[in-house]
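Taking it in order: structure first as C-alpha cells, then the write-up.
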Amino acid sequence: MDTKTRTELVCERDDQVESAIQQVQAAEQRLAEIETNLANGYKLVATCTTTTFEFPQRLCTTVETDGQTITTCQEGQDPLLKKVCTETPVGIDSQLEKQHRRDYQLLHLQRQKQVDKAYMTCFNKVGGMNAEQAYQHYKQN
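When you line the sequence shown up against my numbering, it's residues 1 to 141, in that order.
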C-alpha cells in the first residue's frame, strides 16, 4: 500500500477527524430541521413519558418422581418500560428561524474547517510514519 492510501485509510478512523465529522453532521441535521420548519410554518414539539406495561407471566416446572408427574406454576408480572411520545405542532417565528439558519450555516462552516484541520493534522502526522507506525496509530484510534 502506498503512503497516500495508507494515510487516507488511517486518518478516516482518526478520533479527532471522526469527532469533527460528527459535529458537521449535527449542524447539517439542525439546518435540515430549520429548513423543514420554515417550509411548514411550524415545528413539532415532542412530549415524551416513560410508561410501564405489565404482562402476566406464568412459569411452570414439571418434575417426575416415582412415576408421578408434578407440575408447579408461579405467576407474576413481567414489566416492560416503553417511551411514549406525542408530537404537537407549534407555530414558529419565521424571522427567528431565519436567524437560527444563518447561525447554523456559520457554525457548519466553522465545523467543516475543523474537519479540514483535523485531516491535515492527521495527514502530516501519519504521512511521515512507516507502515508499522501507521498501523499502530490506526489500532489506537
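Using N, Cα and C, we set each Cβ at its ideal position, and we do this for glycine too.
In this text, all values refer to a predicted model and were calculated from it rather than measured experimentally.
(request) Could you check if Ile34 is buried or exposed, using at least 16 other CB atoms within 10 Å of its CB as the buried criterion? (result) Burial state of Ile34 is buried, judged by a 10 Å Cβ sphere holding 16 or more other Cβ atoms.
(request) For Gly127, name the three-state secondary structure that DSSP assigns. (result) In the structure shown, Gly127 sits in a helix (DSSP, three-state: H, G or I).
(request) Might you give, ordered along the chain, the residues of its own chain that have their beta carbon closer than 7 Å to the beta carbon of Thr49, omitting 5 neighbours on each side? (result) Val84.
(message) Please classify Tyr104 as buried or exposed, where buried requires at least 16 neighbouring CB atoms within 10 angstroms.
(response) So Tyr104 counts as buried.
(request) Along the alpha helix (DSSP H) that carries Asp66, what are the first and last residues, could you check? (result) First-last for Asp66: undefined, no H or E at that position.
(request) Use the C-beta contact count for Val17: other C-beta atoms within 10 angstroms, 16 or more gives buried, fewer gives exposed. (result) Counting Cβ neighbours within 10 Å, Val17 comes out buried, since at least 16 surround it.
(message) Please state the DSSP three-state secondary structure of Arg13.
(response) In the structure shown, Arg13 sits in coil (DSSP, three-state: anything other than H, G, I, E or B).
(request) Taking all protein chains shown into account, decide if Asp14 is buried (16 or more other Cβ within 10 angstroms of its Cβ) or exposed. (result) Buried, because 16 or more other Cβ atoms sit within 10 Å of the Cβ of Asp14.
(request) Determine the direct distance from the alpha carbon of Gln133 to that of Ala26, and round the result to whole angstroms. (result) The alpha-carbon atoms of Ala26 and Gln133 are separated by roughly 32 Å.
(message) Give me, in chain order, the residues of the same chain whose beta-carbon lies closer than 7 Å to that of Tyr119; leave out the 5 immediate sequence neighbours on both sides.
(response) These residues qualify, in order along the chain: Cys11 and Val17.
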